[in-house]
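Below: one structure, written as structure tokens.
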Amino acid sequence: NPFAGLVSHLRASWLSGKTRPMEYRMAQLEALGCFLDDKKQEILEATASDLGKAPFEAELSEILLCKNELNVTLNNLSSWMRDEKVDRNLAMQLDSAFIRKDPYGVVLIIAPWNYPIHLFLVPLIGAIAAGNCAIIKPSEISKNTERLVAESLGCYLDNDCFAVVTGGVPETTRLLENKFDYIFFTGSPLVGRIVMTAAAKHLTPVTLELGGKNPCYVSDTCDVTNVARRVAWGRFFNAGQTCIAPDYLLCTIETQEKLMPALREAITEFFGPNPQESPDFGRIVSDKQFQRLQALLGSGRVAIGGQTDEAERYIAPTVLADVLPSDPAMQEEIFGPILPIVIIANMDEAIDFINSRERPLAVYAFSSDDKVVNQVLERTSSGGFCGNDTLMQVTLTSLPFGGIGSSGLGRHHGKFSFDTFCHQRGCLKRGMGREPLNAPRYPPYSPQKFGVIRATSQVTRKNGCTLL
Amino acid sequence: SGRSRPLEFRIQQLKALERMVQEKEKEILAAIKADLNKCGHNAYSHEILGVLGELALTMEKLPSWAAPQPVKKNLLTMRDEAYIGYEPLGVVLVIGAWNYPFVLVMQPLIGAIAAGNAVVVKPSEVSENTARLVAEILPQYLDKDLYPVVTGGVPETTDLLTQRFDHILYTGNTAVGKIVMAAAAKHLTPVTLELGGKSPCYIDKDCDLAVACRRITWGKYMNCGQTCIAPDYILCDPSIQSKVVENIKATLKEFYGEDVKSSPDYERIVNQRHFRRVKSLLEGQKIAYGGETDEASCFIAPTILTDVSPESKVMEEEIFGPVLPIVTVKSVEEAIEFINLREKPLALYVFSNNKQLIKRVISETSSGGVTGNDVIMHYFLSTLPFGGVGHSGMGAYHGKHSFETFSHRRACLIKDLKMESTNKMRYPPGSQKKVDW
């Protein structure tokens, strides 16, 4: 087992207790902040090499959003760490009852290639804040970022407690043979199953941030210009390689007619007449992904875009019209700059369509009519929901970010990250005195004793009727 | 169909459950007695009282638990609606255990119903009378389509686990916990595993031994030791070992009289297989008290073992029986080290007059839950999450924690279709000016 030595080294550091004091955690978190500040240029360059990521986008998702998470955590860590007092019942009024936030121990964070810094760093913030040691496994597909992280993270974080492991599928498989106290995985549902199965062997709890096809319903009553901008922004950000991107559009044929010119205009406004020349439009991460996406272009008909350039792994911002549910573009998460439009007759049909498929990471609904937005929200199920915009629900650190069903398990961001990486331990501290108060619970039993127990522990309904 | 979602429906089902528990009290107590030889008083206070309390609490608090929770917004989202919505997961599977056969299916069921789910209930076949009763009475009170009961043993459960559920709550042992999680992994089903382990009980020299031993005796020997959070073994200084034994002995006589076997308040081991398992743990041990057994009635007397070696069989697996080993340690450091070398337990107990010492033991160890200066009691406070860590489990429930376990917390952000100017900052073409702003 090639990683056994590393894992046991971290476990020894964990057992020494050094990651537990608040000062230590704050210092490591501050160091992460320095990493982001010092290495900002390198991060922008690495992500540009890996994915053609526009510096604006990279600075937003890899630096700014990460700093927000860091600051929220640094600002609140001491109150999050505090023992949380809980309400007591009558019998325990004189006792001390609270929830302790215990670190798990040694955790594993596996990150994907599409937001290669953000998607390991944000969970890492939670892991450190909660007092754990961590092994970080960045994606080998975004290889420039992987190299950057492997070479420089160790200069900022305590190497006894935090380590970076590089490699591909074989290395990750061997890594997963080890026992971890928590595993945080971001990636595809297919690999999510493999990770959870490996975790089951050690009874390791997991958070899985997976994906799916995020539907975007556009009702007939809406301002198409604004809708087009917001949808185009969400779809084409990072060349579509975003787990919460609007994957496909559902609308009536009339709305498709109205939306198309608006989408064309938004795309031109964003990327100019030839997006391949825009510094703001990304590239596909690998040849494999490029070929996969190219094959999807045959679905429906290309209404906007459709151009590709294999040498650059460039796929133009593309909108496919009249796509059928049976088309290839509707069989898998697209994860690229292609937006299929599926025609439905009305909102009810859209909702039925959404509900007949796997529950996605996000559902989007656009309408000037509040009731429509609320109907879609209430009658569907998804990790998260955003009305009248895309992507924005994950920029609020106070909202939990996570999936449901095959889009994932667990949640993080803000305090949810901290909660994810700690064991909430229920504690009750009693006094040694007042032993006579315990007498009714001891054998030999009697109806009198029982009466006392019932009286002191029953919970009555507020409307006045007692239970028994 | 969405039938289980409206709050009124959920409360109506919970009310029906309450009626069931009240009306069928006799039958429930009889079934538990048949399965575990548990007397009415014990069965009522362990299994029925808790269920009724949980029902009352849940029905009262459900509207507030289920209400959308607004969250703090930032400058960019100031004018938007941002909140967390609590939604049902879908179809939940609850697998119960045999040692508290009624409460261990009922409590999860209450939480799952409250959260708006449909629930498949699978009581343990080992406690066959309770399983049969639950299968019979649940459909008489609850919606038959939404809350089916499945009975059967290992083959039926294995089959059930190939199906796709939206959450599985399993109470039982570590080995089967792994099997449940592996089956759940195939469908990416979240799980709550309430498992077990060896819950240590450290007795400090500085404590009221009489009181400590009485409380420990109560928690250890209730349900004939078949409690997941029973103090499994004692750690104490060799100088107080014999006093501990004396105190426990005295308490046992107080509780069960001179002839334990004839006390109506002392239970039996659930079946022959477990009887033989527990009995074999006594081999080669120094029996300071007890040790009598009777296979025909699955009777094992309350037993204390002294100077137990950490390598012996009784210190390997969770005892789950009325056998209490005492392992001597010379200091609290040694006790903490001893505990930390082993798998994380479901519960940890520490008895001391020294508050600092208790604080230290808690902060230098890890366990599902803790009670200081008593045993078991943290289970009874529903505001505390009840669950394990490491091999003792994952996830938690009881009270509001049940509701949250069985709900999906959906992040909701509702913006206005107008107000587009504030969005202009984020759209390409990007420029340094925009980022700096």
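Those protein sequences? They're chains P and U, same order as listed.
Mapping the first sequence onto the working numbering, position 284 (from 1) lands on 878, and the numbers just tick up by one.
Mapping the second sequence onto the working numbering, position 85 (from 1) lands on 88, and the numbers just tick up by one.
For every residue, glycine included, the Cβ atom is placed at its ideal position computed from N, Cα and C.
Note that the coordinates shown come from a computational prediction; the quantities given were computed from them, not determined experimentally.
Taking a contact to mean a Cβ-Cβ separation below 8 Å, would you say residue i touches residue j in this structure?
| i | j | result |
| --- | --- | --- |
| Phe779 of chain P | Val800 of chain P | yes |
| Thr739 of chain P | Thr641 of chain P | yes |
| Asn357 of chain U | Asp211 of chain U | no |
| Asp38 of chain U | Val326 of chain U | no |
| Val966 of chain P | Ile945 of chain P | no |
| Ile136 of chain U | Ala46 of chain U | Before going on, a small fix: residue 136 of chain U reads as Leu here, not Ile. Not a contact, by the Cβ cut-off of 8 Å. |
| Ser127 of chain U | Gly99 of chain U | yes |
| Gly876 of chain P | Leu645 of chain P | yes |
| Gly200 of chain U | Lys347 of chain U | yes |
| Arg619 of chain P | Ala723 of chain P | yes |
Going by C-alpha distance, which of the options is nearest residue i?
| i | options | result |
| --- | --- | --- |
| Cys660 of chain P | P:Gln622, P:Leu630 and P:Asp681 | P:Leu630 |
| Gly977 of chain P | P:Tyr750, P:Val913 and P:Ala839 | P:Ala839 |
| Trp68 of chain U | U:Cys415, U:Leu420, U:Gly402 and U:Pro431 | U:Gly402 |
| Leu2 of chain U | U:Leu308, U:Pro158, U:Gly119 and U:Gly293 | Outside the displayed span of chain U (4 to 440) sits residue 2 of chain U, for which this structure offers no information. |
| Glu423 of chain U | U:Asp83, U:Glu50 and U:Thr220 | U:Asp83 |
| Pro158 of chain U | U:Leu172, U:Lys125, U:Ser48 and U:Leu349 | U:Lys125 |
| Leu112 of chain U | U:Ser312, U:Leu284, U:Leu32 and U:Glu57 | U:Glu57 |
| Val925 of chain P | P:Gln850, P:Ala794, P:Leu804 and P:Tyr842 | Correcting the residue type first, residue 925 of chain P is Gln in the shown sequence and not Val. With distances taken between Cα atoms, Gln925 of chain P lies closest to P:Tyr842. |
| Lys634 of chain P | P:Lys737, P:Ile729, P:Glu904 and P:Leu658 | P:Leu658 |
| Ile704 of chain P | P:Leu715, P:Pro922 and P:Lys695 | P:Leu715 |
| Ala291 of chain U | U:Glu319, U:Leu172 and U:Ser245 | U:Ser245 |
| Arg787 of chain P | P:Leu802, P:Asp881, P:Gly599 and P:Leu797 | P:Leu802 |
| Gln288 of chain U | U:Phe278, U:Arg8 and U:Leu308 | U:Leu308 |
| Val281 of chain U | U:Tyr352, U:Glu11, U:Gly391 and U:Pro328 | U:Pro328 |
| Arg276 of chain U | U:Glu286, U:Ser300, U:Val106 and U:Gly294 | U:Ser300 |
| Tyr400 of chain U | U:Ile171, U:Asp146 and U:Arg13 | U:Ile171 |
| Val812 of chain P | P:Ser610, P:Leu769 and P:Ser962 | P:Ser962 |
| Arg886 of chain P | P:Phe756, P:Thr798, P:Asp942 and P:Ile909 | P:Ile909 |
| Ile116 of chain U | U:Glu131, U:Leu163 and U:Leu92 | U:Leu92 |
| Ala721 of chain P | P:His712, P:Leu702 and P:Ser736 | P:Leu702 |
| Ser334 of chain U | U:Gly396, U:Glu286 and U:Pro241 | U:Pro241 |
For a contact defined as C-beta to C-beta under 7 Å, what are the partners of residue i on chain U?
| i | result |
| --- | --- |
| Thr780 of chain P | Within chain U, no residue comes near Thr780 of chain P; the closest Cβ sits about 14 Å away, beyond 7 Å. |
Run through chain P and tell me which residues come within less than 8 Å of residue i, C-beta to C-beta.
| i | result |
| --- | --- |
| Lys418 of chain U | Cys980, Gly981, Asn982, Asp983 and Met986 |
| Phe389 of chain U | Gly1020 |
| Gly119 of chain U | Under the 8 Å cutoff, chain P gives no residues; its nearest Cβ is about 11 Å from Gly119 of chain U. |
Could you work out which residues of chain P lie near residue i, taking near to mean beta carbons separated by less than 9 Å?
| i | result |
| --- | --- |
| Thr386 of chain U | Val680, Asp681, Arg682, Asn683, Ala691, Ile693 and Gly1020 |
| Trp221 of chain U | Asn1032, Arg1035, Tyr1036 and Pro1037 |
| Thr174 of chain U | Near Thr174 of chain U there are no residues of chain P at all, since even the closest Cβ is about 14 Å away, more than 9 Å. |
| Asp207 of chain U | By Cβ distance, chain P contributes nothing, its closest Cβ being about 11 Å from Asp207 of chain U, past 9 Å. |
| Thr177 of chain U | Leu797 |
Of all the CB atoms in chain C, is at least one closer than 8 Å to the CB of residue i?
| i | result |
| --- | --- |
| Leu112 of chain U | Going by chain labels, chain C is absent from the structure shown, which instead holds the protein chains P and U. |
Near residue i, what residues of its chain come up, given a Cβ to Cβ distance below 7 Å and the 5 sequence neighbours on each side ignored?
| i | result |
| --- | --- |
| Gly999 of chain P | Glu952 and Arg953 |
| Cys216 of chain U | Val247, Asn250, Ile251 and Thr254 |
| Met109 of chain U | Val54 |
| Gly762 of chain P | Glu734 |
| Asp964 of chain P | none |
| Gly293 of chain U | Ala304, Pro305, Thr306 and Ile307 |
| Gln1018 of chain P | Ile693 and Lys695 |
| Lys1043 of chain P | Pro1034 |
| Arg768 of chain P | Asn595, Pro596 and Phe597 |
For residue i, return the contacting residues in chain U, with the cut-off set at a CB-CB distance below 8 Å.
| i | result |
| --- | --- |
| Met1077 of chain P | Outside the shown range of chain P, which is 595 to 1062, sits residue 1077 of chain P, and nothing can be said about it. |
| Thr1092 of chain P | Any question about residue 1092 of chain P goes unanswered here, given that chain P covers just 595 to 1062. |
Given that residue i touches chain P, what residues does it touch there, using C-beta distances under 7 Å?
| i | result |
| --- | --- |
| Ile361 of chain U | Lys1023 |
| Phe258 of chain U | Tyr1036, Pro1037 and Pro1038 |
Which residues in the same chain have their Cβ closer than 6 Å to the Cβ of residue i, if we skip the five residues on either side of it in sequence?
| i | result |
| --- | --- |
| Phe168 of chain U | Val94, Leu96 and Thr192 |
| Gly1058 of chain P | Residue placement at Gly1058 of chain P is poorly supported in this model, since its pLDDT is 40, which falls under 50; the coordinates still yield a value, given next. Counting only Cβ-Cβ distances below 6 Å, and skipping sequence neighbours, we find nothing. |
| Ala1092 of chain P | Residue 1092 of chain P lies beyond the residue range present for chain P, which begins at 595 and ends at 1062; the question has no answer from this structure. |
| Trp608 of chain P | Gly699, Val700 and Cys727 |
| Pro994 of chain P | Arg1005 and Phe1010 |
| Gly391 of chain U | Leu198, Leu349 and Gly371 |
Grab me the residues of residue i's own chain with a C-beta within less than 8 Å of its C-beta, minus the 5 sequence neighbours each way, in chain order.
| i | result |
| --- | --- |
| Tyr709 of chain P | Ser655, Glu656, Asn832 and Thr836 |
| Trp440 of chain U | For Trp440 of chain U, the predicted model reports a pLDDT of 44, less than 50, meaning its position is unreliable; a value from the coordinates is still stated below. Cβ within range, chain order: Met428. |
| Pro71 of chain U | Tyr86, Ile87, Gly88, Tyr89 and Cys415 |
### Query
Which parts of the segment 263-339 of chain U are runs of the beta strand (DSSP E), unbroken and 3 residues or longer, counting only runs that do not cross its ends?
289-292, 306-309 and 326-331
### Task
Please specify which runs of the alpha helix (DSSP H), each continuous and at least 4 residues long, are wholly inside the segment 609-680 of chain P, giving them in chain order.
616-632, 634-645, 649-652 and 659-675
### Task
Would you mind listing the alpha helix (DSSP H) stretches within the segment 728-760 of chain P that are 4+ residues and don't spill past its ends, in chain order?
737-750
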